[in-house]
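J.: Numbered as in UniProt numbering, the sequence shown ends at 93 without a single skipped number. Sharing a structure, written as C-alpha cells. Questions coming.
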Amino acid sequence: RRWAFVELCFADSGYAGDRVANASRIRVEIVRKPKGQVGFTVHARRWVVERFFAWINRNRRLAKDFEASIASVEAFLYAASVMLLLRRSARCK
Numbered sequence: 001r002r003w004a005f006v007e008l009c010f011a012d013s014g015y016a017g018d019r020v021a022n023a024s025r026i027r028v029e030i031v032r033k034p035k036g037q038v039g040f041t042v043h044a045r046r047w048v049v050e051r052f053f054a055w056i057n058r059n060r061r062l063a064k065d066f067e068a069s070i071a072s073v074e075a076f077l078y079a080a081s082v083m084l085l086l087r088r089s090a091r092c093k
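Following this line, the structure appears as C-alpha cells:
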C-alpha cells in the first residue's frame with residue numbers, strides 16, 4: 001500500500017459517502033459544523049487542512065490547476081511540500 005502510514009483522514013461533507021470510504025483502507029472522519037452554528041467558527045480538525053492549503057497555494061504554480069495529468073499535479077505538490085519543509089528547517093537553525 002502506498003500510504004500505509006496514513007490511518008485517518010479528516011474531510012468535509014463533500015467527501016461524505018460510501019465511495020470515498022470504500023476507495024481505500026483509510027478511515028475517513030467527516031468534520032461537520034456544530035448544530036446551531038451561526039457565522040464563522042474554527043472547527044476542531046478542519047483548520048489543519050485549511051492551513052496546509054493556504055501554504056501550498058502560496059506557490060503560484062499550484063494556484064490554478066491546469067495540469068493535464070494527475071502525476072504532474074502530484075509532482076508539484078511534492079515540490080511545494082519540500083519547499084515548506086526546507087523553509088521550516090532553515091528557521092530552526
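Beta carbons: idealized from backbone N, C-alpha and C, even for Gly. It should be emphasised that the depicted structure is a prediction, and the values quoted were computed from it without experimental measurement.
1. Alpha carbons only, please: which of R58, A54, V31, S24 is nearest the one belonging to A16?
2. Give the straight-line distance between the Cα atoms of V49 and A75, rounded to the nearest whole angstrom.
3. Could you please give me the residues that DSSP links to R27 through a beta bridge?
4. What separation, rounded to the nearest whole angstrom, lies between the Cα atoms of V73 and A79?
5. Of all the options H43, C92, N59, which has the alpha carbon lying nearest to the alpha carbon of K35?
T.: Straight from the coordinates:
1. V31
2. 19 Å
3. L8
4. 10 Å
5. H43
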